[in-house]
Amino acid sequence: MKSSLLNKIFDRAQGFLVPIALVALWQYLSSHAIVNPQILPTPMAVIAKWWEYLLPTEAFDADKSSYLAWMVSGEMPRDAYASLYRVVVGFLIGGILALPLGLLMGANDRVYKLFNPLIQILRPIPPIAFIPLSILWFGLGNPPAIFLIVLGAFFPMLMNTIAGVRHVDSIYIRAARSLGASQTTMFLRVMIPAATPYILTGARIGIGTAFIVVIVAEMIAVNNGLGYRILEAREFFWSDKIIAGMFTIGLLGLAIDSGMNRLNNYLLKWHRGIESK
Amino acid sequence: MISRPQIQVSKVSKIFRSEESEIVALEDINLDIQSGEFICLLGPSGCGKSTLLNAIAGFSPPTSGSITIDDKTVQNPGPDRGMVFQEYALFPWMSVEQNIAFGLEIKKLPKTQIKEKVDALLGMLNLRDFRERYPKDLSGGMRQRVAIARVLALDSPILLMDEPFGALDSLTRRNLQDELLRIWTTFKKTVIFVTHSIEESIYLADRIMVMTYRPGKIKKEVSVTMPRSRDPSSAEFNELKKELSLLVMEEQSRHNQEQIKISTAD
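Chains as they are written, first to last, in our numbering: chain A, 1068 to 1344; chain B, 414 to 679.
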């Protein structure tokens, strides 16, 4: 009993060994001035900066705002919100465009042939390469940033939706036909559910891409958000803030991915692959 | 008085053409099936028995000849012929209950009637405790029960079964065979059952159609007159089994030779 508990603790602790060793090495390098602390500040300095970045800048004033609003009035919560907002809006627009087109292209050969060449030409262009054009078209601020995120989210979702519909096992189609399903029923109740594992994979890749694009877009087109903040910090040689910002980006990315993962597990509770992690 | 056969297969051939080869899967098949008969199509793999079943189901029309059901030519699959597949073909995103109800929802039956019917079928096939489960959580035997319930829900007069118990262990298999016979007697269905198991065909069928390997023809028709439930250890059963084994083995060896020919030609 006891040994199994110890095993469990050890099992959990194992995953922390490498990060702890890395932080220890980092501490050693920076505190012994082996590396210029201007370039690599100590871990403690980064944590202090991260905390400062997280906390509200002004003192709490009950007249001005609620406590909750004050709590998230720090620079980092506002940056994180700005980035997340762009990701969500861009991802939703991308999805709303990609899903119907993907379903149509997957189900109908004529639509597929009509759109496929264009998509094959546009798809290999990294969304980043659209930056000059997007600024030319939309100026600065949210519109060009969201445009880039839409592009980043659109293609993975489109490609996966097409693949999902095209890979529906013919046995389901045969079974539904023999049960008397009409075209519409077949599409809504057989093709789409059968394609959901693919569609959700597309959504997960899409939001991951959106998150990459938002950071880049913020470095160029807007003056808030996590991407903007770390670039701004570089101008002032605030390496502690750069690393603190990167850490926040990592945390936000992790949160988005685990949220998607939960949604996945919920929507695919019928799916065979789920219980075996 | 002899009534007109419910299913008439006349002069049916099916040829699969590809660029380099031509396979005659079925050749000049003639088969009359009366309403309420239990027919087994028996033969080694590649003899076209599933092709014939798929043609009757309306999934792939014959190259020539005609198939009629109640004097109407078969053109498409439809709910008058309930199809049970070896791979179950349950919709994995639907629960047991939803799978069974699916055909009824297509028919646009009122909700209360659907529920009544589904409940009755769940009871009949011992699935009541599993109604909210998804197919992935069921054993093979359970899945096939659900698939059978799904076609029974539609009250199809004809059941087409493509090696439905082929993937099951022998105990589950016997169990489901008995269940199928019970259903067949209760509802007076016409059953066309594809199998490569000689014993299964003798256990179930009124008539067994032994098919030949390429081109697929009906080699021999064997009527089974033993009363049900049949005892596989009886002398009569084994006599028939021996006779059918000889017929099937001939085709199996032709199948094997063919395979050798193909592999040495490469």
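Note that the Cβ used here is the ideal one computed from N, Cα and C, for glycine as well.
Bear in mind the structure is a predicted one, so any value in this text is a computation, not a measurement.
Item	Value
DSSP state of N1332 of chain A mapped onto helix, strand, coil	helix
Pair within 8 Å by beta-carbon distance, F451 of chain B and A618 of chain B	yes
Euclidean distance between Cα positions of I1274 of chain A and M622 of chain B	58 Å
Distance between beta carbons of A1262 of chain A and A1225 of chain A, contact taken as under 8 Å	Before going on, a small fix: residue 1225 of chain A reads as Leu here, not Ala. Their Cβ separation, rounded to whole angstroms, is 13 Å, which puts L1225 of chain A and A1262 of chain A out of contact at 8 Å.
Under 8 Å (Cβ pairs) to chain B, residues found in the stretch 1254-1282 of chain A	R1256, V1257, P1260, A1261 and T1263
V1155 of chain A at chain B interface by Cβ criterion, 8 Å	no
Straight-line Cα distance separating A1091 of chain A from M1172 of chain A	53 Å
Residue range of the beta strand (DSSP E) that includes P481 of chain B	Reading the sequence as shown, one finds Thr at residue 481 of chain B and not Pro. First-last of the beta strand (DSSP E) with T481 of chain B: S477 to I482.
Euclidean distance between Cα positions of S724 of chain B and S614 of chain B	Here chain B covers residues 414 to 679 and nothing more, so residue 724 of chain B does not appear.
Reference I428 of chain B, options B:E510, B:S473, B:A533 and B:T481, closest by Cα	B:S473
Three-state secondary structure assigned by DSSP to R417 of chain B	coil
Minimum C-alpha distance to L444 of chain B - residue among B:L594, B:S508, B:K633 and B:F600	B:K633
7 Å Cβ shell around K1116 of chain A - same chain, five flanking residues per side excluded	D1307, K1308 and A1311
Pick from B:S646, B:R627 and B:S636 that is closest to E671 of chain B, judged by C-alpha positions	B:R627
C-alpha distance - A1174 of chain A paired with V1283 of chain A, whole-angstrom precision	35 Å
Neighbour list for G1231 of chain A in chain B, Cβ cutoff strictly below 9 Å	Correct list: empty, because the minimum Cβ distance to chain B is about 13 Å.
Short CB-CB distance (under 8 Å) between Y385 of chain B and chain A	In the structure displayed, chain B extends from 414 to 679; residue 385 of chain B sits before or after that span and is not available.
Any 3 or more C-beta pairs closer than 8 Å across the stretch 482-498 of chain B and the stretch 556-575 of chain B	yes
Neighbour list for R558 of chain B in chain A, Cβ cutoff strictly below 9 Å	By Cβ distance, chain A contributes nothing, its closest Cβ being about 15 Å from R558 of chain B, past 9 Å.
Three-way DSSP call (helix, strand, coil) for G579 of chain B in this model	coil
CB contact below 8 Å: T1251 of chain A versus chain B	no
Selected residue, minimal CA-CA separation from Q1094 of chain A, among A:P1167, A:L1181, A:I1114 and A:L1121	A:I1114
Cβ contact (3+ pairs, closer than 8 Å) linking the stretch 1133-1152 of chain A and the stretch 1288-1303 of chain A	yes
Residue range of the alpha helix (DSSP H) that includes S636 of chain B	Run containing S636 of chain B: none in the alpha helix (DSSP H); it sits in the beta strand (DSSP E), I631 to S636.
As assigned by DSSP and simplified to three states, the class of E435 of chain B	strand
Euclidean distance between Cα positions of S477 of chain B and T1276 of chain A	54 Å
Neighbour-count burial assignment, D367 of chain B, 16 or more Cβ in a 10 Å radius	Nothing can be reported for residue 367 of chain B: it is not among the residues displayed for chain B, which extend from 414 to 679.
Pair within 8 Å by beta-carbon distance, E500 of chain B and I1240 of chain A	no
Closer than 7 Å at the beta carbon, the chain A residues around A470 of chain B	S1245
Y1239 of chain A: contacting residues in chain B (beta-carbon distance under 8 Å)	A502 and F504
Length of the line joining the Cα atoms of V1155 of chain A and D1078 of chain A	36 Å
Euclidean distance between Cα positions of I469 of chain B and K1075 of chain A	60 Å
Residue-chain proximity (H1338 of chain A, chain B), Cβ-Cβ < 8 Å	yes
Reference E1119 of chain A, options A:M1253, A:R1177, A:S1140 and A:N1332, closest by Cα	A:S1140
Option nearest N1227 of chain A by Cα separation, candidates A:S1249, A:P1211 and A:I1259	A:I1259
G495 of chain B, enclosing beta strand (DSSP E) - first and last residue	R494 to V497
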